[in-house]
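Here's the structure, in structure tokens; my notes come after.
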Amino acid sequence: MNNELSLGEQKQSLVYGPVTSRRFGTTIGIGLVPLKVCSFDCVFCELSVHTNVHTLERKTYVSVEEVLSELRKFPTQEADYLALSGAGEPSLAANMGEVIDALHAKYETPVIVLSNGSTIYMKDVQDELRRAEAVKLTFSTMDEQAFKRLNQPVEGLTAKKVADGIEQFASDYEGKLYFEVVVVKGINDELSDVRRTVEFLSRFNPYHIDINRPVRPGTARYLELPDRAVYEPLTGEFSALRVF
Ligand code: SF4
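Written out as structure tokens, the structure is:
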């Protein structure tokens, strides 16, 4: 496997990896949507390009057969997860549920979906995500202004809508649930803001809540790192919390 490619470049392939991370172990990534087809245009996006197609419309971009045929070339038996992820938002693939079912039929490796959380209010997305062994949802702030600045969502999508969707989905999801909170200096790095978000997410008994900082260069290369010492003490209050 050519590991000279950056993760961003790898993610532009239909299947990529193995990728090793502290959070999810070894994963084989599967990208169901093209580069930066996304409902957000986050200031911290590592893909270093602005969103090409800013949308909440679910469409099929690659067939189940294409995914399975490409996946054959990868060492799936060595992976902790087959990860629906990639260079855009995976839940915008209308056949996400179908792909999860096909992976289950062919592989024993569990499936994780790494989603930005923007579509979690949709009933069909909730039903499809329930079929995955693990789901990671990013939700970084309850504050509407900060949500807009940080994620630059599609018109009409609010933090409240996402929070309500998380509540509907996470209250009875039986798989392993991860949340990610991305903290950016000057937008959502106040301790009170971080605590409010973590407090909300911890209600759903997640396996982990991970606080991340934009350490890799993103679209906005001027981003300054927040001071993690401000919110690190929260690990004493919330057992699921990890700060990276
Ligand atoms: S959700 Fe944000 S970080 Fe992820 S691909 Fe879309 S713009 Fe980039």
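The opening residue of the sequence shown carries number 500 in the numbering used here; numbering runs sequentially from there. Don't be surprised by glycine CBs; every beta carbon is placed ideally from N, CA and C. For clarity, every value in this text was computed on a predicted model and none was experimentally measured.
Are the CB atoms of residue i and residue j nearer to each other than 7 Å?
i, j, result
"T640", "D692", "yes"
"I529", "L583", "yes"
"C537", "G616", "no"
"P725", "D688", "yes"
"P705", "A658", "no"
"F543", "V681", "yes"
"V697", "F737", "yes"
"R648", "I686", "yes"
"R557", "A604", "no"
"L555", "V683", "no"
"R715", "E569", "no"
"D579", "G524", "yes"
For a cutoff of 7 Å on Cβ pairs, would you count residue i as touching chain B?
i, result
"G516", "Absent from the structure: chain B. Only one protein chain is present."
Assuming residue i contacts residue j under a Cβ cut-off of 8 Å, what Cβ separation, rounded to an integer in Å, is found between them?
i, j, result
"I527", "L581", "5 Å"
"L591", "V532", "5 Å"
"V471", "V610", "Here the chain covers residues 500 to 743 and nothing more, so residue 471 does not appear."
"L513", "V548", "Incorrect: roughly 18 Å between the Cβ atoms, too far for contact."
"F678", "L733", "Wrong, their Cβ atoms sit about 13 Å apart, outside the cutoff."
"P574", "S614", "That pair is no contact at about 25 Å."
"R630", "D600", "7 Å"
Keeping to the same chain, check which residues put their C-beta closer than 7 Å to that of residue i; ignore five residues upstream and five downstream.
i, result
"L628", "V612, V634 and F668"
"K675", "E632, A633 and Y706"
"V661", "G616, S617, I619, Y620 and F638"
"R694", "L733"
"S701", "I708, F737 and A739"
"L690", "V729 and Y730"
"L567", "A601 and K605"
"N502", "Residue confidence for N502 is low, a pLDDT of 46 falling below 50, so the modelled location carries little weight and cannot support an answer."
"T519", "T525"
Between residue i and the rest of its own chain, which residues show a CB-CB distance below 8 Å, the 5 nearest in sequence each way excluded?
i, result
"Q625", "I619, G664, Q667 and F668"
"T559", "A592, A593 and N594"
"E731", "V742"
"K656", "Going by the sequence as given, residue 656 is Leu instead of Lys. So the list reads S538, L555 and S617, once near-sequence residues are dropped."
"E723", "K684 and G685"
"G596", "D623, D626, E627 and R630"
Going along the chain, which residues of its own chain have a beta-carbon closer than 6 Å to the beta-carbon of residue i, five neighbours each way excluded?
i, result
"M500", "Note that M500 has pLDDT 40, beneath the 50 cutoff, so the model's placement of it is unreliable and no number is given."
"N650", "F539 and C541"
"Q511", "L534 and A586"
"F703", "A669"
"T608", "T575, A578 and L581"
"T550", "K535, C537 and D540"
In chain order, each beta strand (DSSP E) run of at least 3 residues that lies wholly inside the stretch 688-740 = Listed in chain order, they are 707-711.
Within the stretch 579-658, ranges of the beta strand (DSSP E) (whole runs, at least 3 residues) | Fully contained in the stretch 579-658 are the following beta strand (DSSP E) runs of length 3 or more, in chain order: 580-584, 610-614 and 633-637.
List in chain order: all unbroken alpha helix (DSSP H) runs of 4+ residues lying wholly within the stretch 508-575.
-> List check, alpha helix (DSSP H) in window: 563-570.
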